[in-house]
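Asker: Structure provided below as structure tokens; questions to follow.
There are 2 protein chains.
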Amino acid sequence: MTWYQTDGKKNDMIISTRVRLARNISGFPFSAKLSREEGEKIIDLVWEALAPVQKDFTLYRIQKLSPVRQQALIEKHLISPDLTDARAPRAAIIHKDETISIMVNEEDHIRIQCLAPGLAPDAAWDMANKIDDLIGETISYAFHEKFGFLTSCPTNTGTGLRVSAMIHLPAISVSGGISGLLAQAAKSGMAVRGLYGEGSDAQGNFYQISNQTTLGLSEEEIIERFGRVLASIMEVEASLRKKIADAVPDRLTDRIMRAYGAMRYAHMISGKELINYISDVRLGIYLGIIEPIPFEKLTALMVTTMPANISGGGSMSAEERDIKRASIVKKIFK
Amino acid sequence: MTWYQTDGKKNDMIISTRVRLARNISGFPFSAKLSREEGEKIIDLVWEALAPVQKDFTLYRIQKLSPVRQQALIEKHLISPDLTDARAPRAAIIHKDETISIMVNEEDHIRIQCLAPGLAPDAAWDMANKIDDLIGETISYAFHEKFGFLTSCPTNTGTGLRVSAMIHLPAISVSGGISGLLAQAAKSGMAVRGLYGEGSDAQGNFYQISNQTTLGLSEEEIIERFGRVLASIMEVEASLRKKIADAVPDRLTDRIMRAYGAMRYAHMISGKELINYISDVRLGIYLGIIEPIPFEKLTALMVTTMPANISGGGSMSAEERDIKRASIVKKIFK
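Those sequence lines, one after another, are chains S and D.
So the first sequence is residues 1 to 334, counted in our numbering.
So the second sequence is residues 1 to 334, counted in our numbering.
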């Protein structure tokens, strides 16, 4: 079972929570300056450090993956696009349930990423912390008494911790409150982005919110502050959803029902259409307009129907993907 | 049971067949020149002539109907728009199953219209013939030994017979063959029009085909010739449908399935949307893509969900009608 097939707390609003730790190994130059030998050495060191848990992980040497398989990992947020366009040896060490992914020789030597379904900053932090401790047992991290963990980019220096959540905000979007939310989040030291990170638009009213500051606060303070900002956004979304539920506009009901009908019956569905249908259907379930579908089934669709994942490592035309996507979507209603 | 709730022969292509007879009463001026008293007298004469079958008919004095009730009869093709915008007394005498409608004091004193579901020129002609004979028993028709039945407009003089069919031609439409069909029909003395008669466009690929000549041929010859032209059009449509069925394009399957999904789940459906959905779903049933719905249920939808009929004599906004239309459409899937 992957994280996206698993029920999560508050998953009517929060799709997933993610914690990332940036670490570098002392005695090596930063990734950009690594020689081929040094790069390989670091991959070996990290993989060996994971010896006690290796059986649950797979080591992927990025250069050995076909472009479509690289893209499939990017779509699942298991690796970053940056990891794939490098000359130095790079790797991803991925847990079998796809909750933990360790990128090696990306911007930093080590990036530990932990994903949990729903609202789970503590659980995600706990996972990352354990992996961090395990690797730290055999590897000496680059650490400065005053600044904390040293990173390639100064914005990550300190704790090296970024916590983020993928959040579904259809009611705030419908009410036109997103720009206000963005401003408020920035004031609290948070950033709000679209579904696929920086610069992407918020397809289907899905947003990523993350902390911007990693220096001058303890890990626990960062996690706690993030949790508070998230809770206040969820409160706004919940009250706006309640307001909509009191008198659902007919046009909205129609949009939701048509999305539901298209998911059940369309023969071809593009990725962009599907994200919007999922958004409408999620809201429809929340409003009690349509019979419930477990939210994790909808989340799994978002992950498994993306272009590279749907192609299963092979090559498919956009039309073929749209047909296969529609057939996968239909199955959740059986 | 009305005609449109009844299964008809070849109703996968032919919605209905209609026969109309134009008659005038000797000793009266044509409708345009009738006095109020003469108009009333004609209504009485026709109604009295129907004495043996009166219990199955209702006499509507058009001027006493509200505009929305007049419109409801127009939508069902039971009366013509012309019948409603007159100063002289006008009436419609309508059979309880809506197969027979006799307009009084329209362009001609008497217009007998008989509708039958599916391909049924003989049955429709038989009905019209019987009503014609019954009225002719007590009323003296304006008749000329050489020209035949005299009519207000010379194009109807002779037999006064027009036979028409409402035909669904999605395959010919998709294949771009409609203009060729129009030219061929004209050569055979037939006219092809859109769903709502002259000048209307062919919404949902529904067409009306009718004979243009009423003089110089016997009634039986007109009916027979019409049947032959119709059969040749149906043959073309059938062979094109077969060609589509051999390899249904994915885009067409998608359009059909989405139409089906929208009919099942949409909360609001406009009249124009519905005609297109019905067209796609009819083709989908023919192609075996979707589970069969009796065609007469789809025909009934076309009639009962039109604006005036859906309003049930009251006043509704377009939005209210769209909501009610969608709820009526949904019921056919239960």
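The beta carbon of each residue, even a glycine, is placed where N, CA and C say it ideally should be.
As the structure is a computational prediction, the values presented were derived from the model and not from experiment.
On a Cα-Cα basis, can you pick out the residue from I100/D, S179/D, T214/D, P121/D that is closest to T151/D?
Answerer: Here residue 151/D corresponds to residue number 151 of the second sequence, with the count starting at 1. With distances taken between Cα atoms, T151/D lies closest to T214/D.
Asker: For Y265/D and M257/S, which I take to be in contact (beta-carbon distance under 8 Å), what is that distance rounded to the nearest angstrom?
Answerer: Numbered from its first residue, the second sequence carries residue 265/D at position 265. Numbered from its first residue, the first sequence carries residue 257/S at position 257. Rounded to the nearest angstrom, the Cβ distance from Y265/D to M257/S is 4 Å, consistent with a contact under 8 Å.
Asker: At which residue ranges does the stretch 209 to 255 of chain S contain complete alpha helix (DSSP H) runs of 4 or more residues, listed in the order of the chain?
Answerer: 219 to 246
Asker: Answer yes or no: does any C-beta atom of chain D fall closer than 8 Å to that of T213/S?
Answerer: As a first step, residue 213/S is located in the first sequence; it is residue number 213 there, counting from the start. No, T213/S does not count as interfacial toward chain D.
Asker: Is H168/D buried or exposed, if buried means 16 or more other CB atoms sit within 10 Å of its CB?
Answerer: For the purposes of this step, residue 168/D is identified with residue 168 of the second sequence, where counting begins at 1. Per the 10 Å Cβ criterion, buried.
Asker: Considering only DSSP beta bridges, list what K9/D is partnered with.
Answerer: As a working mapping, residue 9/D is identified with position 9 in the second sequence. K9/D pairs with G118/D.
Asker: From the DSSP output, which residues share a beta bridge with Q54/D?
Answerer: As a working mapping, residue 54/D is identified with position 54 in the second sequence. The partner list for Q54/D (beta bridge, DSSP) is empty, contrary to what the question assumes.
Asker: Give the C-beta separation of V248/D and L287/D to the nearest angstrom, bearing in mind that I take them to be a contact with Cβ-Cβ under 8 Å.
Answerer: Against the second sequence, residue 248/D aligns to sequence position 248. Against the second sequence, residue 287/D aligns to sequence position 287. The distance from the Cβ of V248/D to that of L287/D is about 6 Å, consistent with a contact at the 8 Å cut-off.
Asker: Quick one: what does DSSP say A318/S is sitting in, helix, strand or coil?
Answerer: The count along the first sequence starts at 1 and reaches residue 318/S at position 318. Look at A318/S here: in three-state DSSP terms it is helix.
Asker: Can you give me the C-alpha to C-alpha distance between T2/S and E219/S, rounded to a whole angstrom?
Answerer: For the purposes of this step, residue 2/S is taken as the residue at position 2 of the first sequence. For the purposes of this step, residue 219/S is taken as the residue at position 219 of the first sequence. Their Cα atoms are separated by approximately 26 Å.
Asker: Counting contacts by CB-CB distance shorter than 8 Å, is Y260/S in contact with chain A?
Answerer: Of the protein chains in the structure, S and D, none is chain A.
Asker: Taking C-alpha atoms, which residue in G160/D, Q54/D, K146/D, R90/D lies nearest to Q63/D?
Answerer: Against the second sequence, residue 63/D aligns to sequence position 63. Cα-wise, what sits closest to Q63/D is R90/D.
Asker: Just to confirm, are S16/S and A128/S a CB contact at a threshold of 8 Å?
Answerer: Walking along the first sequence from the start, residue 16/S turns up at place 16. Walking along the first sequence from the start, residue 128/S turns up at place 128. Going by C-beta atoms, S16/S is not nearer than 8 Å to A128/S.
Asker: Mind pulling the chain D residues with CB within less than 9 Å of E319/S?
Answerer: Working through the first sequence from its first residue, we reach residue 319/S at position 319. Those within 9 Å of E319/S in chain D are D250, R251.
Asker: Can you list, in chain order, the residues of its chain whose CB lies under 6 Å from that of V174/S, leaving out five sequence neighbours each side?
Answerer: Working through the first sequence from its first residue, we reach residue 174/S at position 174. Result list for V174/S: empty, nothing under 6 Å.
Asker: How far does the beta strand (DSSP E) with I361/D in it reach, from first residue to last?
Answerer: With chain D covering 1 to 334 only, the question about residue 361/D has no answer from this structure.
Asker: Give me the residue from N156/S, S140/S, I233/S, S210/S with the minimum Cα distance to A171/S.
Answerer: Translated into the one-based positions of the first sequence, residue 171/S becomes position 171. Per the Cα distances, I233/S.
Asker: Exposed or buried, which one is H109/D when buried takes at least 16 other CB atoms within 10 Å?
Answerer: As a first step, residue 109/D must be located in the second sequence, where it is residue number 109. H109/D is buried by the Cβ-count criterion.
Asker: Go ahead and pull the three-state DSSP assignment for G136/D.
Answerer: Working through the second sequence from its first residue, we reach residue 136/D at position 136. If DSSP states are grouped into helix, strand and coil, G136/D belongs with the helices.
Asker: Take P307/D as the anchor and find which of F295/D, P292/D, K324/D, L298/D has the nearest alpha-carbon.
Answerer: The residue given as residue 307/D occupies position 307 in the second sequence. When each option's Cα is compared against that of P307/D, the closest is K324/D.
Asker: List the residues of chain D that I323/S touches, going by C-beta distances under 7 Å, in chain order.
Answerer: Counting from one through the first sequence, the residue named residue 323/S turns up at place 323. Residues of chain D whose Cβ lies closer than 7 Å to the Cβ of I323/S are, in chain order, D250.
Asker: Alpha carbons only, please: which of A183/S, A186/S, M166/S is nearest the one belonging to Y207/S?
Answerer: For the purposes of this step, residue 207/S is identified with residue 207 of the first sequence, where counting begins at 1. It is M166/S.
Asker: Verify whether the separation of the beta carbon atoms of A92/D and L34/D is less than 8 Å.
Answerer: On the second sequence, residue 92/D is found 92 positions in, with the first residue counted as 1. On the second sequence, residue 34/D is found 34 positions in, with the first residue counted as 1. No, the pair does not count as a contact, with Cβ atoms beyond the cut-off.
Asker: Based on DSSP bridge pairs, tell me the residues matched to H168/D.
Answerer: Taking the second sequence and counting its residues from 1, one reaches residue 168/D at position 168. Paired residue(s): F206/D.
Asker: Could you pull out every residue in the same chain whose Cβ sits closer than 6 Å to the Cβ of D280/D, ignoring the five residues on either side in sequence?
Answerer: Translated into positions along the second sequence, residue 280/D becomes position 280. Hits under 6 Å: R255, I256, A259.
Asker: Is M316/D close to chain S? Criterion is C-beta to C-beta, closer than 8 Å.
Answerer: The residue given as residue 316/D occupies position 316 in the second sequence. By this cut-off, M316/D is not an interface position.
Asker: Please report the straight-line C-alpha distance between R193/S and M316/S, rounded to a whole angstrom.
Answerer: Stepping through the first sequence from its first residue, residue 193/S is reached at position 193. Stepping through the first sequence from its first residue, residue 316/S is reached at position 316. Going by the C-alpha atoms only, they are around 30 Å apart.
Asker: What would DSSP say about G271/D, mapped onto helix, strand or coil?
Answerer: Position 271 of the second sequence, counted from the first residue, corresponds to residue 271/D. G271/D: helix per DSSP, three-state reduction.
Asker: Does DSSP classify R87/D as helix, strand or coil?
Answerer: The residue you call residue 87/D lines up with position 87 of the second sequence. Of the three classes helix, strand and coil, the one that applies to R87/D here is coil, per DSSP.
Asker: Does the distance from the C-beta atom of L134/S to that of A22/S stay below 8 Å?
Answerer: Stepping through the first sequence from its first residue, residue 134/S is reached at position 134. Stepping through the first sequence from its first residue, residue 22/S is reached at position 22. For the pair L134/S and A22/S, the CB atoms are not nearer than the 8 Å cut-off.
Asker: Counting only C-beta atoms, is A245/D closer than 8 Å to chain S at any point?
Answerer: For this step, residue 245/D is matched to residue 245 along the second sequence. Answer no: the Cβ-Cβ gap between A245/D and chain S never drops below 8 Å.
Asker: Who does H144/D pair with in a DSSP beta bridge?
Answerer: The residue given as residue 144/D occupies position 144 in the second sequence. BP columns for H144/D point to G148/D.
Asker: Less than 8 Å between the C-beta atoms of E98/D and S80/D, yes or no?
Answerer: Counted from its first residue, the second sequence places residue 98/D at position 98. Counted from its first residue, the second sequence places residue 80/D at position 80. Contact flag unset, no.
Asker: Report the three-state DSSP secondary structure of A266/S (helix, strand or coil).
Answerer: The residue labelled residue 266/S in the question sits at position 266 within the first sequence. A266/S falls in the coil class under three-state DSSP.
Asker: I believe F226/S touches P121/S by the beta-carbon criterion, under 8 Å. Please report the beta-carbon distance rounded to the nearest angstrom.
Answerer: Numbered from its first residue, the first sequence carries residue 226/S at position 226. Numbered from its first residue, the first sequence carries residue 121/S at position 121. With a Cβ gap of about 6 Å, F226/S and P121/S count as contacting.
Asker: Considering only DSSP beta bridges, list what T304/D is partnered with.
Answerer: Here residue 304/D refers to the residue found at position 304 when the second sequence is read from its first residue. DSSP, once it has assigned bridges, lists no residue as partnering T304/D.
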